[in-house]
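Engineer:
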Amino acid sequence: MKYFLAVDLEGATGVVHHDQLMPDGRGYAAAQRWLTGDINAAIRGICAADAAAEIVVGDGHGIMRNVLLDELDERAMLVVGPGRYENKPLCQCEGIDASFDVGMLIGFHTRAGTPGGLLAHTFVGSTICDLSLNGRVAGEAEIDAAIMASYGVPVGLIVGNSDLEPEVRAWDPTVTFYATKTTLGPTAGICKTPRRTASEIEEIARQVVERRLYSLRENPATTTLTATLYRREMLDRAATVNGVHVVDDRTFSVTHANAAEAFRMFWNAITRTLEDPQPWLK
């Protein structure tokens, strides 16, 4: 079977602060190791239950060059490179297609506006104030699950911060969730050690695959993503993308029968909102 692991960083083991999220931060190198450890644990668990597994990991945080390739389990391959639209129109899910059997989300966090949410934001924290999926506020985990579902790929496991679980349960009460840490506030948490999360993620991933604990979202007739931005000039730039509908002076929407195609339009618009390309897009 084939497995796609979409990866973020804020929900990885030990990550609680902004100085761990980008290469210029003093905690970034350690965060890279811990994230790679979480991914390797999931790979070991998958392979323990499915020795013939084919695994692709999608590095989807910030500069999207966070996973340590030379430390990644050799049974996996890595999608790596900046999140520019021409590179990665599906952002964290770039590389997925209908040939995959199961998806997993590793290192995820809560959506923008979550009270006390640990490193909470939605895709681009400096740009997106609010994002909704078919009229309901949504975060990155739900959007990625919808993209996967558009290819017929169910989600088997979500790994992230503890405050993400209630958000996930609101749209999928049954999917397996594992918390790497207990959220205390926007930049603090009670963290399990990397050794502990490694063994626990491995065991949970093994059980998910062995017992086929997969959750496939229902695909609606159409998918609409509606984004409210922080500034009008951002909207002006987003509106230059074909298919973008201007809702008000800070809000736009995109609609398509396929969630992945709707997201492609959305991501094209979001990357256009930036007057100058940001470092994480280079």
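Just so you know, the numbering used here puts 250 at position 231 of the sequence shown, and the rest follows in order with no gaps. Ideal Cβ placement from N, Cα and C applies to all residues, glycine included.
Could you give the DSSP three-state label for F142: helix, strand or coil?
Structural biologist: What you label residue 142 is simply residue 123 of the sequence shown in a count that begins at 1. DSSP places F142 in coil when its eight states are reduced to three.
Engineer: For a test of the three-state rule: what should DSSP assign to S3, helix, strand or coil?
Structural biologist: In this structure the chain extends from 20 to 301, so residue 3 is not present and cannot be described.
Engineer: Can you find the residues in the same chain that come closer than 8 Å, C-beta to C-beta, to V266, ignoring five residues on each side of it along the sequence?
Structural biologist: As a first step, residue 266 must be located in the sequence shown, where it is residue number 247. Result list for V266: T245, S272, in chain order.
Engineer: Grab me the residues of M20's own chain with a C-beta within less than 7 Å of its C-beta, minus the 5 sequence neighbours each way, in chain order.
Structural biologist: For this step, residue 20 is matched to residue 1 along the sequence shown. Result list for M20: D69, A72, D120, V121, in chain order.
Engineer: Where H264 and F285 are concerned, what is the direct C-alpha to C-alpha distance, given to the nearest angstrom?
Structural biologist: For the purposes of this step, residue 264 is taken as the residue at position 245 of the sequence shown. For the purposes of this step, residue 285 is taken as the residue at position 266 of the sequence shown. Between H264 and F285, the C-alpha separation is close to 11 Å.
Engineer: At 4 residues or longer, and completely inside the region 31-88: list those alpha helix (DSSP H) runs for me, N to C.
Structural biologist: Listed in chain order, the complete alpha helix (DSSP H) runs (minimum 4 residues) inside the region 31-88 are 47-68.
Engineer: Let me confirm a value: T141 is counted as buried when at least 16 other C-beta atoms fall within 10 Å, else exposed. Which label applies?
Structural biologist: Position 122 of the sequence shown, counted from the start, is the residue given in the question as residue 141. By the 10 Å Cβ count, T141 comes out buried.
Engineer: When burial is assigned at 16 or more other CB atoms within 10 Å of the CB, is P108 buried or exposed?
Structural biologist: Taking the sequence shown and counting its residues from 1, the one referred to as residue 108 is at position 89. Classification of P108: buried, given that the 10 Å Cβ count is 16 or more.
Engineer: Compute the Euclidean distance between the alpha carbons of F282 and D27, then round it to the nearest angstrom.
Structural biologist: Taking the first residue of the sequence shown as 1, we reach residue 282 at position 263. Taking the first residue of the sequence shown as 1, we reach residue 27 at position 8. Their backbone Cα atoms lie some 17 Å apart in a straight line.
Engineer: Ends of the beta strand (DSSP E) at N180?
Structural biologist: As a first step, residue 180 must be located in the sequence shown, where it is residue number 161. That run of the beta strand (DSSP E) goes 174-180.
Engineer: For D182 and T202, what's the separation of their Cα atoms in angstroms?
Structural biologist: In the sequence shown, counting from the first residue as 1, residue 182 sits at position 163. In the sequence shown, counting from the first residue as 1, residue 202 sits at position 183. About 6 Å.
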